Structures are given as C-alpha cells and as structure tokens.
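Reading through the structure tokens given below for one structure.
2 protein chains.
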Amino acid sequence: MNIPAPYLLYLGHTTDPVGIKTSRGLAEFRRHDCVGEFRHDDCPLTLGLPRMSIAEGAAAGARTLVLGVANAGGTMDLPMIADAKAALEAGLNVASGLHHRLNAVPELVAIANARGLALFDVRDPPANLPVGTGRPRAGRRILTVGTDCSVGKMYASLALVDGLRASGQTADFRATGQTGILIAGGGVPLDAVIADFISGAIEYLAPARDDGGWDVIEGQGSLFHPSFAGVSTGLLHGAQPEALVLCHDPARKGIRGLPERPMPGLAECLAANLQVARLTSPNVRAAGICLNTSSFSEAEAQRLCGEAGHLLGLPCTDPYRFGVEAIIDNLLCHERSKPAPIASR
Amino acid sequence: MNIPAPYLLYLGHTTDPVGIKTSRGLAEFRRHDCVGEFRHDDCPLTLGLPRMSIAEGAAAGARTLVLGVANAGGTMDLPMIADAKAALEAGLNVASGLHHRLNAVPELVAIANARGLALFDVRDPPANLPVGTGRPRAGRRILTVGTDCSVGKMYASLALVDGLRASGQTADFRATGQTGILIAGGGVPLDAVIADFISGAIEYLAPARDDGGWDVIEGQGSLFHPSFAGVSTGLLHGAQPEALVLCHDPARKGIRGLPERPMPGLAECLAANLQVARLTSPNVRAAGICLNTSSFSEAEAQRLCGEAGHLLGLPCTDPYRFGVEAIIDNLLCHERSKPAPIASR
Numbered sequence: 001m002n003i004p005a006p007y008l009l010y011l012g013h014t015t016d017p018v019g020i021k022t023s024r025g026l027a028e029f030r031r032h033d034c035v036g037e038f039r040h041d042d043c044p045l046t047l048g049l050p051r052m053s054i055a056e057g058a059a060a061g062a063r064t065l066v067l068g069v070a071n072a073g074g075t076m077d078l079p080m081i082a083d084a085k086a087a088l089e090a091g092l093n094v095a096s097g098l099h100h101r102l103n104a105v106p107e108l109v110a111i112a113n114a115r116g117l118a119l120f121d122v123r124d125p126p127a128n129l130p131v132g133t134g135r136p137r138a139g140r141r142i143l144t145v146g147t148d149c150s151v152g153k154m155y156a157s158l159a160l161v162d163g164l165r166a167s168g169q170t171a172d173f174r175a176t177g178q179t180g181i182l183i184a185g186g187g188v189p190l191d192a193v194i195a196d197f198i199s200g201a202i203e204y205l206a207p208a209r210d211d212g213g214w215d216v217i218e219g220q221g222s223l224f225h226p227s228f229a230g231v232s233t234g235l236l237h238g239a240q241p242e243a244l245v246l247c248h249d250p251a252r253k254g255i256r257g258l259p260e261r262p263m264p265g266l267a268e269c270l271a272a273n274l275q276v277a278r279l280t281s282p283n284v285r286a287a288g289i290c291l292n293t294s295s296f297s298e299a300e301a302q303r304l305c306g307e308a309g310h311l312l313g314l315p316c317t318d319p320y321r322f323g324v325e326a327i328i329d330n331l332l333c334h335e336r337s338k339p340a341p342i343a344s345r
Numbered sequence: 346m347n348i349p350a351p352y353l354l355y356l357g358h359t360t361d362p363v364g365i366k367t368s369r370g371l372a373e374f375r376r377h378d379c380v381g382e383f384r385h386d387d388c389p390l391t392l393g394l395p396r397m398s399i400a401e402g403a404a405a406g407a408r409t410l411v412l413g414v415a416n417a418g419g420t421m422d423l424p425m426i427a428d429a430k431a432a433l434e435a436g437l438n439v440a441s442g443l444h445h446r447l448n449a450v451p452e453l454v455a456i457a458n459a460r461g462l463a464l465f466d467v468r469d470p471p472a473n474l475p476v477g478t479g480r481p482r483a484g485r486r487i488l489t490v491g492t493d494c495s496v497g498k499m500y501a502s503l504a505l506v507d508g509l510r511a512s513g514q515t516a517d518f519r520a521t522g523q524t525g526i527l528i529a530g531g532g533v534p535l536d537a538v539i540a541d542f543i544s545g546a547i548e549y550l551a552p553a554r555d556d557g558g559w560d561v562i563e564g565q566g567s568l569f570h571p572s573f574a575g576v577s578t579g580l581l582h583g584a585q586p587e588a589l590v591l592c593h594d595p596a597r598k599g600i601r602g603l604p605e606r607p608m609p610g611l612a613e614c615l616a617a618n619l620q621v622a623r624l625t626s627p628n629v630r631a632a633g634i635c636l637n638t639s640s641f642s643e644a645e646a647q648r649l650c651g652e653a654g655h656l657l658g659l660p661c662t663d664p665y666r667f668g669v670e671a672i673i674d675n676l677l678c679h680e681r682s683k684p685a686p687i688a689s690r
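Protein chains in written order, with this note's numbering: chain A, 1 to 345; chain B, 346 to 690.
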C-alpha cells in the first residue's frame, strides 16, 4: 500500500469523538504526514491540526484526503461522497477505511480515472487468504483484547511495540483495522474478511517466526460485543498468543452502539478471553491491563490503575500517561524464567 | 432462488464421505427431484441413485448439475471446472455451494451466456446485511450446535422441524449452509458473510416473530474448531436461542480437517456453547443431544445415546434412527411450565 502523503484528515459531520478514531490515529502516530483537518461547521471535534477547506489543504501540499471516520456498518453517506468528489476535483487522492468502498461509487471512480488520481480502499482484504489450522507455530505473539470496541487496543499495541523495542527486543505491530493499517502501511482489515477465513487471516498476518522477535497483534471487537464477538473469537484462535493484554475504558457506561448493554467485568472478560485463546495456545497467560484514562484526572487514573491491577494481580497502566514498562517487565521476566524456547515447531 | 429441477448430483473425484454432504442432503431430503449421480471411476462413493454420465443425466431430464461437494477452503479445481463446462455444453444449468464462484470462472460464464443457461452460486450472501444488535426479540428459536463441523446439525435441525410440526406446532427451518439452502430453497450462507455481519445475518434470517411458531436454526462449525469458531460464536449471538440442541458424531476421532486435534467432551462443549449464548439469551437452556450413530450397530447406538443422555441429564437420540420425540417433549413440556410468553418485546 502506497498512499501518497501528506494527508488532509477528514472529520466531516462527525460529533462522536470515537467516530473519528482513524483520523485521530494518523494525527497522533503520523503527525508529520498530516497538513490539516477538514470538518464541517456542525462538527465540534478537532485533532489540533489547522482547520482547512479542501482547497486550502491542496494548497498546503496535501496529496490525499483520508476519510478517517467510522460508524457501525461502515456506510458512506451522500454528504461524504460529495466531499470525496470535491477532493478529487481539487486534485487529491482519496483513502477510506469504510466498508462501503470508494471504488463502488461509479461517480468517484469516473472522476479519479479522468484525473489520474487513486481511490484507496484500506478495507479490501488480501485475496486468497487461507483457512486457519490452529497448528502450533513458532514465534512470540501478544494479542490485545478488550471489554468493548474502541477501548484503546490499537494504542496499547503500538505502545507495547515501542516498549519492547526500547528494551532491546525486536517487535512488529500487526495491524487488523483500518487505522492501524494506515499507520503501519500494511495489515489485514479483519472485519472485512469472509467469516470462514478469520483465524486464517491472522495466521497469514503473523506467520511463524524464529528470530526471537515479537508480533504484537492488534485486537478487534470484544467477546462481549454481540455484533462483533465472532471476529474477536477467530482473532484469538488465529493469533495463538503467548500473552494477552486486556484493554478497557473505565469511562465507558455501556457497550459501544448498544448503550443499554452493560460492560463486562474485567475479571470475567479476561477469563473468557483466556478460555477461548487456550484452544490454540494452551499456555496463554495475561501479561497486563491497559486503561484509557483520558477522561480522568491524574490522581483518579492512578487509583483506577491501582484498583484494576490489584483485582487481577497484573500490572495495570494507561500506556499514554504512565508508559508500559511494567507490562514489558512482566513479559520479559516471565520469558527469562521459562525453559529455552523451541526454535521451530 | 429458483434452481431448475430435476438435478444431477455431482460426486466427482471425492473419496471422503463427508465431502459429498451437499449432494447427499439433496438425495435424502429432495430425492424426488434427483435423477441420478455423476461420479468418476476413482470415486468410491454412491448416494444409491443411478450412476449417469452427463449426457445420460441430460437425457433422463436433469436440468441442473449440482456440484454438491465440499472441501476446506471451498476451492474448485480444474477437473471440476471441466465437468461443469461439460454439463453446460450438454444443456444443463450448474449450481454450486463452493466459496470459489462459478461466476468467477470466465470460461463458464461465457458458455452459460452463449447457451442461455444459468450458474447458481448458492454461497453468495444477501446484499446489505445489517450489523447485529443482540437486542431481545420475540420468537422461539432453537439452534443446533456441535462438537465439530459435519456432525449432523443440518439433519438434526430438519428432524426437529418435522417433529415440531408432527406435534401440531408451526416450525420453520432456517438454513445457514449451502446444503440446507438448496434443500430449503432459501437461507443465508453464513460462512460466506463478511465477518462484521455474522450475528446480523442471523438476526436477518430469523427475525422477530410472534405467531407462536418456532425457528429451528441450522448451526455451523464448532466453538472447538480453530478454523471456524468465529462463525459459530456470531451464530450463537445472532440466534438468541431459547434452547440449544447439541450434535455429535461418536465415530469422529479428531476435529475435521485437523485430525491431530482431539474432539471436545460433550459436557465441556455444551457448557461453552451455553456460556457464549447467554450474552444475548440469558435464559438459554439445553434441550437435548443428537448423535449421528450411522457407523454403529443398533445396540451400540442405543448404548451411546443412553450414556450421553445420562452424562448430561438430557434426552439423547439419533434423529434418523430413533426420532426426536424425546427432545420435542422436553421443549414442549418446558414450554407448558413457563409463564405466558411476552408476545412482542
């Protein structure tokens, strides 16, 4: 995937902060590639980038408009199509992580073709994915799992990769969602894969490795989200993780998109994930907990991390506030006390 | 779906009896629509229908060749494409339940178009499926679940529909696999649905109903099959079943396609399915066990059913050998002892 930078990030008419997570991820992890943000007057959100019209973005050097917004179902509405059209007419490529494909809108395809511009549908999965086997494979894999969608699994995964590298380890981020794929420049959009190939897609994404390096696999959905638990289950089986990191947002009142549904308890959620993971990774263990405490004070955040860590007997942190050193220490300590790994099984 | 009957059933080069389950399902449940079976000399299997060449099938009145074979991954190999081509050239339509689509083979499309014949890809899911919500909906739904793929879930489901009808109930079979869809004339090919829409597809297939009738939903895969457990999980959540029926093949030595992997125990498997189902159906219960005892003597079959029933404290039967009355009685007795149902929630 070679999406020309720099980017103009699209917020559109979005009012829900979680709805712009793809744009926010790029703004945070590839900020040097982002010239500005495009939003309509009814959008109260900002990424702290200069607000630009599409023409201003083009004049500032943007080469691609990234439709970094999300909604349940991944639809593209008419105003969004109109904005994409305006971007093409201003000479920008357009990239999208929505289910509804840019390349499925004939009007956009026609303009892009006429102007020699590209439409990037990040959610098109690779062709010819294999069916998963669950057969033991070499390698050291960590999977982030969550109490819900959008609780910080991608952020935690990226922080764990940085933390492992800072400890002298080789580590790679394995992206499974549109934001992660845009940040990493590759990956598998797991929720767009055909159902029979979910676990196989992860075996493809994080194949056997015997260089001693780690794969940190970005989790998706939640076993406790009735819309998406099938994806989370196949991901656990395909990842064959040696360790799980549980992610949670303590401010979340109910399951995303289904507010009447209560969040699961941390202990219940971790136990369910370990149980499902054991089918392909019998010795899987929990390595830590990552909380997104962005809506709490520092003191509250410390208290929340302390309580959750005590409850589960695991290191607990907010990766962006307090770092992930405690979880990395747990991973590496455990490693030192293990017998020598089998290089290739 | 309107696939012209009668059918010529394809066995091809298949040597594994489970590999012809779609052809066998049609031979058993729509036998009056089947004129014969087509197999190559290296295929040791038969459905007990007259063996016919494609020309003989056409002469006997067959209007469609049904590629009723299955393999992990659902690929169509070159010999199978050659046979499909021969059928078209003999004036037959062709239907297939494989992942690999007939309509994706330009050579077949060209011949079909030239001759005014149709290619039916039963595994194309409906467009615009919704994302599941897990919200409580009216209706009485039974889901068959299994220790593995291909252990008799479809057969059990069809038998339960017949049994409910014989008891004066209204009941409908909700097909989720290619064989079931061919038998029922409709349904959703669940393993071909995009991963984000698995549970939503089942909410679409078996929507709220308040006529007092039952939906018997055909299960797929197994929570203990590492290739397909994601599908089974989403199916449990979308089905929102009031009762599960556990299906098992006591002759199965290891998980289908992964013979080194042991089968789960019945109690372990049932407990895991009930746990997953509770997310959207908190009062779900087990209604019975169906064993496929076709490779055992009558006495052995009775002993196996007795043992499994005793182990789990549930009625246990082989639906084709001993009927499903005990399970139907359990379903209806429980119903009579329940408070009056809420007609619509």
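Note that beta-carbon positions come from the ideal geometry of N, C-alpha and C, so glycine has one too. Note that the coordinates shown come from a computational prediction; the quantities given were computed from them, not determined experimentally.
Per DSSP, the bridge partner or partners of residue i
i, result
"G146 (chain A)", "A:C247"
"I539 (chain B)", "A:I194"
"G313 (chain B)", "Residue 313 (chain B) lies beyond the range of chain B shown here (346 to 690); nothing can be said about it."
"V439 (chain B)", "B:L410, B:L464"
"R384 (chain B)", "B:G357"
"V216 (chain A)", "A:I142, A:F173"
"Y7 (chain A)", "A:C34, A:T64"
"A653 (chain B)", "Per DSSP, none; premise fails for A653 (chain B)."
"R630 (chain B)", "B:A588"
Pairwise C-alpha distance: residue j and residue i
i, j, result
"L589 (chain B)", "G633 (chain B)", "7 angstroms"
"G314 (chain B)", "G402 (chain B)", "Here chain B has residues from 346 to 690 only, and residue 314 (chain B) is not among them."
"P341 (chain A)", "V105 (chain A)", "Note that P341 (chain A) scores 48 on pLDDT, short of 50, meaning its location in the model is unreliable; the coordinates nonetheless yield the value given after this. Those two C-alpha atoms are separated by around 51 angstroms."
"I20 (chain A)", "M499 (chain B)", "43 angstroms"
"Y352 (chain B)", "A5 (chain A)", "56 angstroms"
"N292 (chain A)", "R252 (chain A)", "10 angstroms"
"R601 (chain B)", "D162 (chain A)", "40 angstroms"
"L78 (chain A)", "H100 (chain A)", "12 angstroms"
"G347 (chain A)", "R141 (chain A)", "With chain A covering 1 to 345 only, the question about residue 347 (chain A) has no answer from this structure."
"E347 (chain A)", "G254 (chain A)", "Since the first residue shown for chain A is 1 and the last is 345, residue 347 (chain A) is missing from the structure and cannot be characterised."
"S368 (chain B)", "L503 (chain B)", "16 angstroms"
"S344 (chain A)", "F465 (chain B)", "Below a pLDDT of 50, predicted positions are generally treated as unreliable, and S344 (chain A), at 42, falls in that range; no measurement from the model is reported."
"A267 (chain A)", "Q220 (chain A)", "19 angstroms"
"E298 (chain A)", "G313 (chain A)", "22 angstroms"
"A201 (chain A)", "A272 (chain A)", "22 angstroms"
"P481 (chain B)", "F224 (chain A)", "15 angstroms"
"R623 (chain B)", "L270 (chain A)", "17 angstroms"
"F542 (chain B)", "E37 (chain A)", "31 angstroms"
"L236 (chain A)", "V276 (chain A)", "7 angstroms"
Within chain A, partners of residue i - CB distance below 8 angstroms
i, result
"G525 (chain B)", "Near G525 (chain B) there are no residues of chain A at all, since even the closest Cβ is about 16 angstroms away, more than 8 angstroms."
"G545 (chain B)", "S227"
Neighbouring residues, chain A, relative to residue i (Cβ below 7 angstroms)
i, result
"L535 (chain B)", "A195"
"F345 (chain B)", "Because chain B is modelled from 346 through 690, residue 345 (chain B) falls outside the range shown and cannot be assessed."
Cut-off 8 angstroms between Cβ atoms - residues of its own chain near residue i, not counting five sequence neighbours on either side
i, result
"L619 (chain B)", "L589, V629, R630, A631"
"L218 (chain A)", "With the sequence shown as reference, residue 218 (chain A) is identified as Glu, and Leu is not the correct amino acid for it. The residues are T144, K153, M154, S157, F173, R174, A175, T176, G177, G180, G187."
"L311 (chain A)", "L266, A267"
"T147 (chain A)", "S222, F224, L246, C247, H248, D249, R252, M263, P264, L266, C269"
Close Cβ partners of residue i (< 7 angstroms) along its chain, the five nearest in sequence each way excluded
i, result
"A529 (chain B)", "F518, A520"
"R63 (chain A)", "P4, A5, P6, L92, N93"
"T391 (chain B)", "E382"
"A671 (chain B)", "G633, P660, T662"
Supposed contact pair residue j and residue i - C-beta distance, whole angstroms, cut 8 angstroms
i, j, result
"A82 (chain A)", "I54 (chain A)", "With 8 angstroms as the limit, A82 (chain A) and I54 (chain A) do not qualify as a contact, their Cβ atoms being about 11 angstroms apart."
"V18 (chain A)", "S150 (chain A)", "5 angstroms"
"V576 (chain B)", "G230 (chain A)", "6 angstroms"
"V414 (chain B)", "L371 (chain B)", "V414 (chain B) to L371 (chain B), Cβ: 12 angstroms. No contact."
Contact with chain C by residue i, beta-carbon distance below 8 angstroms
i, result
"T280 (chain A)", "In summary, chain C is missing from the structure at hand, where the protein chains are A and B."
Proximal residues to residue i (C-beta, below 6 angstroms), its chain only, five neighbours per side dropped
i, result
"L117 (chain A)", "L88, N93"
"Y303 (chain B)", "Because residue 303 (chain B) is not part of the residues shown, which for chain B are 346 to 690, the question remains open."
"G583 (chain B)", "G477, S544, I547, E548"
"A208 (chain A)", "R137, A138, G139"
Within chain B, the residues that residue i reaches when beta carbons sit closer than 7 angstroms
i, result
"V231 (chain A)", "A540, D541, G575"
"H237 (chain A)", "P571, A574"
Interface partners of residue i on chain B, CB under 9 angstroms
i, result
"G25 (chain A)", "Within chain B, no residue comes near G25 (chain A); the closest Cβ sits about 19 angstroms away, beyond 9 angstroms."
Contact set between residue i and chain B, taken where Cβ atoms lie within less than 8 angstroms
i, result
"G134 (chain A)", "P571, S572, L603, R606"
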